[in-house]
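Enquirer:
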Amino acid sequence: MTNTKGKRRGTRYMFSRPFRKHGVVPLATYMRIYKKGDIVDIKGMGTVQKGMPHKCYHGKTGRVYNVTQHAIGIVVNKQVKAFSCQQNTTTYPLRLSKSHLSAAFISITKQH
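1478 is the number of the first residue of the sequence shown in this note's numbering; add one for each residue after it.
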């Protein structure tokens, strides 16, 4: 079992569901509406295997650039060696939650 290089290696606890949250995913998570320009947080969920983002995007915050019937496209800043570049990733809406950063940012801009 040495030198494993799988797509989901090292994700035993990363993609696992919290205590008492196993089983069927609530319907409200499927019904959330995302629009272009929304700021979202990406968090993998092992309950559903389709449309899962790569582990490097887990916990990252990005901006929605594309919305289709079954998936959502997100622009994320990714660290590649010494520099940061913008990456486009597509994922199911299950793995997303609206970020609270945008509300904080709007309140700060209103104050100034």
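Each residue gets a CB set at the ideal place from its N, CA and C atoms; glycine is no exception.
Within this structure, are the beta carbons of Tyr1511 and Val1544 separated by less than 8 Å?
Expert: By one-based count along the sequence shown, residue 1511 stands at place 34. By one-based count along the sequence shown, residue 1544 stands at place 67. Yes, the Cβ-Cβ distance between Tyr1511 and Val1544 is below 8 Å.
Enquirer: Check whether the segment 1568-1576 and the segment 1514-1532 are in contact - that is, three or more C-beta pairs closer than 8 Å.
Expert: yes
Enquirer: Using 10 angstroms around the beta-carbon of Gly1539, count the other beta-carbons present and answer buried if the total reaches 16, otherwise exposed.
Expert: Position 62 of the sequence shown, counted from the first residue, corresponds to residue 1539. Label assigned to Gly1539: buried.
Enquirer: With a cut-off of 8 Å on the beta carbons, I'd call Ser1561 and Ile1516 a contact; round off their distance for me.
Expert: Walking along the sequence shown from the start, residue 1561 turns up at place 84. Walking along the sequence shown from the start, residue 1516 turns up at place 39. Actually they are not in contact, since the Cβ atoms of Ser1561 and Ile1516 sit about 17 Å apart, beyond 8 Å.
Enquirer: Going by the beta-carbon positions, is the gap between Tyr1534 and Thr1566 smaller than 8 Å?
Expert: Your numbering for residue 1534 matches position 57 in the sequence shown. Your numbering for residue 1566 matches position 89 in the sequence shown. Taking 8 Å as the Cβ cut-off, Tyr1534 and Thr1566 qualify as a contacting pair.
Enquirer: In the DSSP assignment, find the beta strand (DSSP E) that holds Thr1566 and state where it starts and stops.
Expert: Position 89 of the sequence shown, counting from 1, holds the residue named residue 1566. It spans Phe1560 to Thr1568 - the beta strand (DSSP E) in which Thr1566 sits, taken as one unbroken run.
Enquirer: Kindly indicate which three-state DSSP category Lys1555 falls into: helix, strand or coil?
Expert: Taking the first residue of the sequence shown as 1, we reach residue 1555 at position 78. Three-state DSSP puts Lys1555 in a strand.
Enquirer: Excluding sequence positions up to five away, which residues of its chain have a Cβ less than 7 Å from the Cβ of Ser1493?
Expert: As a first step, residue 1493 must be located in the sequence shown, where it is residue number 16. The residues are Gly1523.
Enquirer: Pull the bridge partners of Asp1518 from the DSSP assignment, please.
Expert: Start at 1 with the first residue of the sequence shown, and residue 1518 comes out as number 41. BP columns for Asp1518 point to Thr1538 and Ser1574.
Enquirer: Just verifying my parser: in three-state terms, what is the DSSP assignment at Ile1510?
Expert: Position 33 of the sequence shown, counted from the first residue, corresponds to residue 1510. In the structure shown, Ile1510 sits in coil (DSSP, three-state: anything other than H, G, I, E or B).
Enquirer: Given a threshold of 16 other Cβ atoms within 10 Å of its Cβ, counted over all protein chains shown, does Met1529 qualify as buried or as exposed?
Expert: Indexing the sequence shown from 1 puts residue 1529 at position 52. Its Cβ being crowded by 16 or more others within 10 Å, Met1529 is buried.
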